[in-house]
Structures are given as structure tokens and as C-alpha cells.
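In the working numbering, the protein residues as written are 731 to 919.
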């Protein structure tokens, strides 16, 4: 049974509050409801006074903005790196809180987007919500993704930015490779 609002949100809060220093977790949501669970996670993090950089390789910014709004997420505290809209031929929003990337294929662009968005976050607690590692594995070999995630997690830690890396639990071998860069795992089921 899918746990939309249950114990995993309490576990998230406990992990975030108790972890000293910068943290990076692998978030393994249920594949049927992962978008709503992701929105609930962002809302919970806002309740804990975090600002968010939402890197989307799966959904366009416009769709995510509606989803997050439905969960009462304050859009002024979320900045987006959208790697879907241009590739899909969608319309770009005229907004200061979104950077559009050509596609999920360009790992360098993803890194540059984080650099561009991080200074926009108000001083204080911040985290990157990376949706998703599973999508990266569609475009890149597991070893390339692992190298990128090693680079990304090192960069986040050096800049005092926390991370929540989303991965659907479909590829156990790839997940095992990626877990080494995280402080723990948060599962919703």
C-alpha cells in the first residue's frame, strides 16, 4: 500500500533535524505516486525553513508549479532547473525562478544550472531536489551517472547545500552504486 502522508514524512524530519552539517539522502518514493510524494517532501522541507532548488528531468516547470501549489508549497522559496520544456518544445515561462536546460543529456548544463540558481537562494538552509537519477540512467551509462553524482554531491557539500536525490527502486545495481555518495536512504514504502 502506498504511504502518501505517513511515517516517511516523520522519518524525513527526524533525519534532517538530527543530521549535523550538510546531508544528502537518496529518496526512493513509490513509483505510482512519486510526484505527489516529492511535492509533499518539498512542502515538509519548507515547513523546516529550507529553500529548494528543484532540478527536473521528468516534468516541465509549468506542471511542477501546479503540483507544488496544490501541496501549498511557497513558490518564492523554490527555484527550478527544467531540463524538459525545451526538449519537448514547450513554452518557457518568463520567470526569475527557473532556468531552462536543453535536455537531461548534458551533465555540464545541470552543474551550471545549480551554480546559477544557488546564489538566488536566500541565506539560510537550502537543498537540491534532484528528480531523478532514474531518468539520468535512461540517457547515460551507470558509471557516468555515478561520476556525475560524485561530482554533484561533493560540490553541494562544499557549498553547504543539502541534497535529496530521487531514484525509483527499479535498478538495484545502479542504486547500490549511487548510495555510496549519500548519507542514507529515505523510502516511502
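Even for Gly, the Cβ is constructed at its ideal location relative to N, Cα and C.
**Report entry** Proximity below 8 Å, CB of residue 743 to CB of residue 778
**Finding:** Numbered from 1 along the chain shown, position 13 holds the residue referred to as residue 743. Numbered from 1 along the chain shown, position 48 holds the residue referred to as residue 778. The answer is yes: Cβ separation under 8 Å.
Query raised in the report: For residue 830, which residues does DSSP report across the bridge?
Result: Mapped onto the chain shown, residue 830 falls at position 100. Beta-bridge pairing links residue 830 to 812.
**Report entry** Residue environment, residue 888, which counts as buried when at least 16 other CB atoms sit within 10 Å
**Finding:** To locate residue 888, count along the chain shown from 1; it is residue 158. The residue in question, residue 888, is exposed, as its Cβ has fewer than 16 Cβ neighbours within 10 Å.
**Report entry** the region 893-908 touching the region 843-856, judged by at least three CB pairs closer than 8 Å
**Finding:** no
Query raised in the report: Do residue 908 and residue 756 have their C-beta atoms within less than 8 Å of each other?
Result: Counting from 1 along the chain shown, the entry for residue 908 is found at position 178. Counting from 1 along the chain shown, the entry for residue 756 is found at position 26. Closer than 8 Å, so yes.
Query raised in the report: Three-state secondary structure (DSSP) at residue 873?
Result: Here residue 873 corresponds to residue number 143 of the chain shown, with the count starting at 1. DSSP places residue 873 in helix when its eight states are reduced to three.
Query raised in the report: Which term fits residue 806, buried or exposed, when burial requires 16 or more other beta carbons within 10 angstroms of its beta carbon?
Result: If you number the chain shown from 1, residue 806 lands on position 76. The residue is exposed, with fewer than 16 neighbouring Cβ atoms inside 10 Å.
Query raised in the report: So residue 859 and residue 746 are in contact, right, with Cβ under 8 Å, and what is the actual spacing, rounded?
Result: Taking the chain shown and counting its residues from 1, one reaches residue 859 at position 129. Taking the chain shown and counting its residues from 1, one reaches residue 746 at position 16. Not quite, the Cβ-Cβ distance comes to about 13 Å (not below 8 Å), so this is no contact.
Report task. Name the two residues that bound the continuous beta strand (DSSP E) containing residue 856. Result -> Here residue 856 corresponds to residue number 126 of the chain shown, with the count starting at 1. From DSSP, the beta strand (DSSP E) with residue 856 extends over 856-861.
Requested in this report: Could you pull out every residue in the same chain whose Cβ sits closer than 7 Å to the Cβ of residue 823, ignoring the five residues on either side in sequence?
Outcome: Along the chain shown, one-based indexing puts residue 823 at 93. Once the five neighbours on either side are set aside, the close Cβ partners of residue 823 are 791 and 792.
Query - Cβ-based burial, residue 758 [other Cβ within 10 Å; buried from 16] - result: Residue mapping note: residue 758 aligns to position 28 of the chain shown, counting from 1. Residue 758 is buried by the Cβ-count criterion.
**Report entry** Neighbourhood of residue 880 by C-beta, 7 Å cutoff - its chain only, sequence neighbours within 5 removed
**Finding:** Here residue 880 refers to the residue found at position 150 of the chain shown. For residue 880, where only same-chain residues beyond five positions count, the Cβ hits under 7 Å are 911.
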